[in-house]
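K.L.:
The structure under discussion is supplied below as structure tokens; questions concerning it will follow.
Residue numbers (this note's numbering): 1 to 316.
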């Protein structure tokens, strides 16, 4: 039985800076608390101010190190920062492996930094299913910057582009990452490309290849955003200021071309669609449901019903 909560009180405490209240609300979101709708209604007036930055890329590229370096850079600018680190689910407990909490222990005493690990729980695309709602909570908490680090499971982590204001794709030299990025379509989701571990051999070639592929993908329309390619050595905090500057340049471009509001509308539309589909699924899975999916599937399999009629029966 979920623990009873006082939503208005928790939201007020979170708005006053309570990290404990923020953590409790995120737990409610992640676990699907019965008062989830009340939480959504309570935080809605306080959303829309945080700058959401996504970081994705193949494993071993240094996403966590880069995230940590960005946290330090933004804190030096006096901005408050949240990190939502989506970790692979444990095959035993189903929980997050909490790798980023361990790596960011240096920020544990900083009230201006909040780090949360979230398990994918089998959700594909590099994010957890609860990530959109979690981002709304972090936004409502009044934090200036929200960094979202996706799972390092390969180059299919493109869902972050639908949630972030700016998506950073991290690559490393010497592993053919730039070519693989183009093949997998990651090139299309990146607003900024960061070649990390730039002190390794092959870094200039990786930067050159990326810039060439970006130029090939440009339509040539006036005012089109051209993704920048930045070199960093995140472990030594080298080039991080260039990343921050490139992110700010992208934000300025979005504001000038009304792209920021357009992205946020698309984000909201996607969240609405996902919630509607989830409710529809819950409706037909109820024990007392008038229409059961298994019965419709049986009818379609026997040729008694066609899939379109069955879908119409489910949709009502």
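We put the CB at the ideal spot given by N, CA and C, even for glycine.
#1: Would you check if the distance between the CB atom of residue 196 and the CB atom of residue 167 is smaller than 7 angstroms?
#2: Which value, in whole angstroms, describes the spacing of the CA atoms of residue 50 and residue 79?
#3: Between residue 170 and residue 251, what straight-line distance do the alpha-carbon atoms span, to the nearest angstrom?
#4: Measuring straight from C-alpha to C-alpha, what distance separates residue 172 and residue 237?
#5: Following a CB-centred definition, is residue 256 positioned closer than 6 angstroms to any heavy atom of the ligand COA?
#6: Do residue 47 and residue 134 have their CB atoms nearer than 7 angstroms?
#7: From the DSSP secondary-structure annotation, give me the bridge partner or partners of residue 116.
#8: According to DSSP, what are the bridge partners of residue 192?
#9: For the alpha helix (DSSP H) holding residue 285, just list the boundary residues, first then last.
#10: Compare the Cα-Cα distances from residue 61 to each of 273, 309, 159, 174 and report the closest residue.
#11: Is the beta carbon of residue 7 closer than 7 angstroms to that of residue 42?
#12: Assuming residue 149 and residue 55 make a contact with CB atoms under 8 angstroms, what is their CB distance in whole Å?
#13: Determine which residues share a DSSP beta bridge with residue 60 and list them.
P.N.:
In brief:
#1: Taking the chain shown and counting its residues from 1, the one referred to as residue 196 is at position 196. Taking the chain shown and counting its residues from 1, the one referred to as residue 167 is at position 167. A distance of 7 angstroms or more separates the beta carbons of residue 196 and residue 167.
#2: The sequence position of residue 50 within the chain shown is 50, counting from 1. The sequence position of residue 79 within the chain shown is 79, counting from 1. Going from the Cα of residue 50 to the Cα of residue 79 covers about 11 angstroms.
#3: In the chain shown, counting from the first residue as 1, residue 170 sits at position 170. In the chain shown, counting from the first residue as 1, residue 251 sits at position 251. Approximately 19 angstroms between the Cα atoms of the pair.
#4: The residue given as residue 172 occupies position 172 in the chain shown. The residue given as residue 237 occupies position 237 in the chain shown. Each residue's Cα considered, the two are about 16 angstroms apart.
#5: With respect to the ligand COA, the structure shown offers nothing to examine, as it has no ligands at all.
#6: Residue numbering aside, residue 47 sits at position 47 when the chain shown is read from its first letter. Residue numbering aside, residue 134 sits at position 134 when the chain shown is read from its first letter. Going by C-beta atoms, residue 47 is not nearer than 7 angstroms to residue 134.
#7: Walking along the chain shown from the start, residue 116 turns up at place 116. Looking at the DSSP assignment, residue 116 forms a beta bridge with 84.
#8: Looking up residue 192 in the chain shown gives position 192. DSSP, once it has assigned bridges, lists 168, 228 as partnering residue 192.
#9: Your numbering for residue 285 matches position 285 in the chain shown. Taken as a continuous stretch (DSSP letters only), the alpha helix (DSSP H) holding residue 285 covers 259-285.
#10: Position 61 of the chain shown holds residue 61. Measuring from the Cα of residue 61, the nearest candidate turns out to be 174.
#11: The sequence position of residue 42 within the chain shown is 42, counting from 1. The sequence position of residue 7 within the chain shown is 7, counting from 1. With contacts defined by Cβ atoms closer than 7 angstroms, residue 42 and residue 7 form a contacting pair.
#12: Here residue 149 refers to the residue found at position 149 of the chain shown. Here residue 55 refers to the residue found at position 55 of the chain shown. Taking a contact as a CB-CB distance under 8 angstroms, the pair residue 149 and residue 55 counts as one, their CB atoms being some 5 angstroms apart.
#13: Along the chain shown, read from residue 1 onward, the residue named residue 60 stands at position 60. Partner(s): none; residue 60 has no beta bridge.
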